[in-house]
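So for the sequence shown, our numbering puts the first residue at 80; every next one is plus one. Before any comments, here is the structure.
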Amino acid sequence: MGLYGEVAAVAAGFQRLDLGEGGWLLYEPAFLSVAEADGSLRVLLERCEWAQLPGIFGHLQPRLIASYGDAGVSYRYSGRDYGALPWLEELQWLRGRVQSVAGHYNYCLCNRYRTGQDSMGWHADDEPEMGEVIGSLSLGAERKFRIRHNETRQTRTFAVGHGTLIVMGGTMQRYWQHCVPKTKRVVGERVNLTFREVREIS
Numbered sequence: 080m081g082l083y084g085e086v087a088a089v090a091a092g093f094q095r096l097d098l099g100e101g102g103w104l105l106y107e108p109a110f111l112s113v114a115e116a117d118g119s120l121r122v123l124l125e126r127c128e129w130a131q132l133p134g135i136f137g138h139l140q141p142r143l144i145a146s147y148g149d150a151g152v153s154y155r156y157s158g159r160d161y162g163a164l165p166w167l168e169e170l171q172w173l174r175g176r177v178q179s180v181a182g183h184y185n186y187c188l189c190n191r192y193r194t195g196q197d198s199m200g201w202h203a204d205d206e207p208e209m210g211e212v213i214g215s216l217s218l219g220a221e222r223k224f225r226i227r228h229n230e231t232r233q234t235r236t237f238a239v240g241h242g243t244l245i246v247m248g249g250t251m252q253r254y255w256q257h258c259v260p261k262t263k264r265v266v267g268e269r270v271n272l273t274f275r276e277v278r279e280i281s
């Protein structure tokens, strides 16, 4: 399905980036108001069941993780299945806000970056059970979000701050990777919510 079939309503202020080969990205630096972002960040820091989990090679992932979603939904990432806890009310509200722009989501992977040394390496969310539209909402300290084409190695960098929304869709996960690199700057905590549709694979 093309961009305009997937995006229910693109509010004023969104930037649309056509990535070629059927991929696209939407970017809105101030999707949430400061008051909305402040309230959501406070609730999620307090109420999410954060844990630091092992990655592919047994090393602890450099961030904290929590996952929420519909009953029975789980997501396989870094060789590990993440079963969803029942939705928090705050996450339900945020899911509705993001769905008003694009996508339909039954799962949310929450990442907590405690300092500038917490990070996310280059990867693509290209698992076969994953829907192609992913909503990524940032709360807290500003960090850099980078994307890189698999073949040309072309890169683009976006500032993701308090209330920023990025939506990735189409074939983006097939041809592009993304990351949140470490920074030497002294930064506060950041919470990122990636809303996804996890489908059953027969």
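Ideal placement from N, C-alpha and C gives every residue a C-beta, glycine not left out.
- For V239, no alpha helix (DSSP H) segment is defined; the enclosing uninterrupted segment is the beta strand (DSSP E) at 234 to 239.
- Between G200 and T262, the gap from beta carbon to beta carbon reaches 7 angstroms or more.
- For V113, the number of other beta carbons within 10 angstroms of its own is below 16, and it is reported as exposed.
- Assigned with DSSP and collapsed to three states, W172 falls in helix.
- The secondary-structure analysis by DSSP pairs N229 with nothing; it has no beta-bridge partner.
- Contact between the region 173 to 190 and the region 143 to 151 is present, with at least three C-beta pairs closer than 8 angstroms.
- Around the beta-carbon of N271, 16 or more other beta-carbon atoms lie within 10 Å, marking it buried.
- Annotated three-state conformation of S119 is helix, per DSSP.
- A distance below 6 angstroms between beta-carbons, with the five flanking residues on each side excluded, links G92 to the following residues of its chain, in chain order: E107.
- As the crow flies, the alpha-carbon of G162 is around 8 angstroms from that of G151.
- In the three-state reduction of the DSSP assignment, Y192 falls in the strand class.
- Between the alpha carbons of L164 and L143 lies a distance of about 15 angstroms.
- T243 has its alpha-carbon roughly 5 angstroms from the corresponding atom of F110.
- W255 is bridged by DSSP to H228.
- DSSP places D160 inside the beta strand (DSSP E), whose first and last residues are 159 to 162.
- Scanning E211, R225, R193 for the CA closest to the CA of H202 turns up R225.
- By the neighbour-count criterion, in which 16 or more other beta carbons inside 10 Å mark a residue as buried, L216 falls on the buried side.
- In the DSSP annotation of this structure, the continuous segment of the beta strand (DSSP E) that includes W103 starts and ends at 102 to 107.
- In this structure, DSSP gives V246 an extended state, which the three-state scheme calls strand.
- Scanning its chain for C-beta atoms nearer than 8 angstroms, with the 5 sequence neighbours on each side dropped, one finds around I213 the residues G182, D204, V246, M247, G248, Q252, T273, F274, R275, in chain order.
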